[in-house]
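The numbering used here numbers the first residue of the sequence shown as 1 and each following residue consecutively.
Cβ coordinates follow ideal geometry from the N, Cα and C atoms, glycine included.
One structure is given here, and the rest of the page talks about it.
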Amino acid sequence: MTIPHFPFPVGTPLFPNHTFVFRYHQSLIDHWNLSSYIHLRQEVLSADWRGNDVFGYWQVATLDHRHNCTTQARFDHLVVASGHNHYPREPKLEGRQTWEVSGPGREVLHSVFYREPEVYSQRNVLVVGGGASGRDIVQQVAGFANSTYASVKYDPSRPIPFPHIPGVERVPALARFTPVAPVFEDGTSLPHIDTVILATGYELRFPFLSSSIHNTSIITPLPDPSTCDMLTNNGRYLRPLFRHTFSLAPTHAPRALAFVGLPQFVSYAMTDTAQALLIAHALADEDLLPPKAELLADLRVQEAELEDPARVGHRIPQPGGGTAYQNALVRLLQERGLGGRPGLPPLGTAFTETWRVFAEKEMTRLRRAWVKVESLGEEEVERWLGRVKKGDEREWYELMVQLDEWFNE
């Protein structure tokens, strides 16, 4: 969750909640005096490319919700860092609406609307989905609900297996609803369920880029990227992009459009930093990136390594894929003589530090170890966190190693 050489402050839990993460982000803004560059409550209505594959500009329309006024502005480059956790993906489940109205107090909601676990006190909750949101929600709700179930579908592309959580019963993938109960793939059902939370992910959408992106429900089989006349998005995968970052669509000039934050199953702070470094240096030097033919060839190799890139989308292959991706982006800069510049280690030195590799590899065990520490009480938590005196990355690494050894004893 941290960017290079800017660790969490002393006293932060090893797995911090949103309050600590918010404070960390605020400290980044304060440290680099970024407040004047951040404009809140500004909605991008449209961003249209006016030009060709050689030269042009972006015409951007924004709505200021504070003053209820719109503005138009021109830009040479557009960097889209809006993320992808905005538009809920809800599976079409037969009988859902009938089930909701066939019993008192029944509800189905997406995890984007989940707020506090106390709301589910005395309820019988089914959480659908085995990703980070699903894991967090069942763990929180289990302490309040009458009963808690996790409906998880096996997915070998996910880097972290669904853990055993006390008070949570795992059930098969949800298949449909009858008026009486949710029904699972194996034919079993749970008639006493009254709340279903869909932690089923999000769709990738960029409504303000409608003139640059063709939205479709399917892009399989994938056409050769050189034949794409514009960017194509099926809600999971946006292409053609170089390393999930730069648009390779023939409608845009080189470096005109870039994206930050599309890769999934990665350490987001480090991946976003690596992408930002690549984008910043590419915008500063128009000759930095290889010719477009080489970028397209790179994309062909990337997609050929995936069984179904249209479905997998921007999930980075595991294990170790996130680290490899980060290092590869930075290596491209290092090989062009930029190693040793601010934020860039010398050529031959990995961008992703050893302690981060360890943390990613042992994430599941470290999470279980920290849950055990928290179960022993606040005094035990403080005893462990007290080992971090100055708050530098070396101390945090030592804490993780010691915690891992303690958990394995």
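Per-residue DSSP class, three states only, for residue i
i           : result
residue 225 : helix
residue 267 : coil
residue 273 : helix
residue 73  : strand
residue 202 : strand
residue 136 : helix
residue 57  : strand
residue 196 : strand
residue 142 : coil
residue 484 : Since the displayed the chain opens at 1 and closes at 409, residue 484 lies outside it and no answer follows.
residue 341 : coil
Straight-line gap, residue i to residue j (C-alpha atoms, nearest Å)
i           : j           : result
residue 396 : residue 378 : 19 angstroms
residue 36  : residue 28  : 13 angstroms
residue 369 : residue 409 : 11 angstroms
residue 118 : residue 130 : 21 angstroms
residue 374 : residue 398 : 19 angstroms
residue 91  : residue 134 : 15 angstroms
residue 338 : residue 203 : 36 angstroms
residue 79  : residue 301 : 25 angstroms
residue 153 : residue 341 : 45 angstroms
residue 335 : residue 327 : 12 angstroms
residue 270 : residue 86  : 21 angstroms
residue 178 : residue 221 : 35 angstroms
residue 98  : residue 195 : 14 angstroms
residue 296 : residue 57  : 23 angstroms
residue 407 : residue 381 : 14 angstroms
residue 67  : residue 19  : 29 angstroms
Contact set for residue i: own chain, Cβ-Cβ below 8 angstroms, skip 5 residues either direction
i           : result
residue 353 : 4, 393
residue 217 : 234, 235
residue 16  : 1, 8, 24
residue 356 : 267, 270, 323
Extent of the continuous alpha helix (DSSP H) to which residue i belongs
i           : result
residue 403 : 393 to 408
residue 32  : Careful: residue 32 lies outside any alpha helix (DSSP H) and carries neither H nor E.
residue 368 : 363 to 375
residue 174 : That residue, residue 174, is in no alpha helix (DSSP H); its beta strand (DSSP E) goes 174 to 177.
Neighbourhood of residue i by C-beta, 6 angstroms cutoff - its chain only, sequence neighbours within 5 removed
i           : result
residue 224 : none
residue 261 : 81, 83, 272
residue 215 : 233
residue 94  : 176
residue 171 : 149, 151, 184
residue 246 : 258
residue 414 : Residue numbering for the chain in the displayed model covers 1 to 409; residue 414 lies beyond these limits and cannot be assessed.
residue 65  : 41
Start and end residues, beta strand (DSSP E) containing residue i
i           : result
residue 80  : 78 to 80
residue 182 : 182 to 184
residue 42  : 42 to 51
residue 107 : 107 to 110
residue 168 : 168 to 171
residue 232 : 231 to 233
residue 148 : 147 to 151
residue 126 : 124 to 128
residue 215 : 213 to 215
residue 422 : Because the chain spans 1 through 409 in this model, residue 422 falls outside it and cannot be assessed.
Own chain partners of residue i with C-beta closer than 7 angstroms, once the 5 adjacent residues on each side are dropped
i           : result
residue 333 : 277, 278, 281, 344
Q.
Taking contact to mean 3 or more Cβ pairs, one atom from each stretch, closer than 8 angstroms, check whether the region 245 to 255 and the region 62 to 71 are in contact.
A. no
(Q) Measuring CB atoms only, is the region 315 to 325 touching the region 347 to 365, in the sense that at least three cross pairs come out at less than 8 angstroms? (A) yes
Q. Would you call the region 228 to 237 and the region 211 to 218 touching, i.e. three or more CB-CB distances under 8 angstroms?
A. Output reads yes: the region 211 to 218 touches the region 228 to 237.
Q: Please determine if the region 375 to 391 and the region 2 to 22 are in contact, where contact requires at least 3 C-beta pairs separated by less than 8 angstroms.
A: Enough Cβ pairs lie closer than 8 angstroms, so yes.
Q.
With three or more beta-carbon pairs closer than 8 angstroms as the criterion, would you say the region 235 to 246 touches the region 180 to 190?
A. no
Q. Does the region 121 to 131 come close enough to the region 96 to 103 to have 3 or more Cβ pairs within less than 8 angstroms?
A. no
(Q) Any contact between the region 37 to 48 and the region 189 to 209? By contact I mean 3 or more CB pairs, one from each, below 8 angstroms. (A) The region 37 to 48 is in contact with the region 189 to 209.
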